[in-house]
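Residue numbers (this note's numbering): 20 to 154.
Glycine is no exception: its CB is placed at the ideal position from the N, C-alpha and C atoms.
Contents: one structure, followed by commentary.
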């Protein structure tokens with residue numbers, strides 16, 4: 020591990036019937052965490068018509084591998100006639116999406132949808148690597 024190591028924590032909360040599924044991420048989404056995160060999100064996005072909210076407010080770094088994970092999730096959700104929303108209050112994250120021409124590809128909001136009745140807390144998980152600061 021490097022001194023810049025930050026673990027990626029992933030917590031999933033399913034909403035009420037017909038409500039969104041929220042995945043809260045905390046830490047780094049990078050080359051070291053992308054494979055395990057992709058595996059988890061692939062399992063989750065195999066269902067049709069999924070209303071998925073990725074809460075990225077706890078994400079501190081993301082690299083091109085992390086952006087690849089987000090694009091993969093988007094493609095899988097849309098291919099199954101679902102909806103994907105990203106929650107991020109980071110101006111740097113939004114700017115990064117625009118710089119790589121993904122600004123219009125994602126529905127990004129700064130807070131969780133009002134239909135959610137409780138906050139989501141993250142647990143612990145593995146991860147680290149080269150990254151871009153979001154805050």
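With 16 or more other Cβ atoms from the protein chains shown falling within 10 Å of its own Cβ, residue 53 counts as buried. A straight-line Cα-Cα distance of about 25 Å links residue 83 and residue 70. Looking from the CA of residue 87, the closest CA among 130, 119 and 45 belongs to 119. In this structure, residue 44 sits near residue 78, with a CB-CB distance shorter than 7 Å. Secondary structure of residue 95 (DSSP, three-state): helix. Of the candidates 67, 105 and 27, 67 places its Cα closest to the Cα of residue 98.
Counting C-beta atoms within 10 angstroms of its own C-beta, residue 49 has 16 or more neighbours from the protein chains shown and is therefore classed as buried.
In the DSSP assignment, residue 32 is bridged to 41. Here DSSP, grouped into helix, strand and coil, assigns residue 57 to helix.
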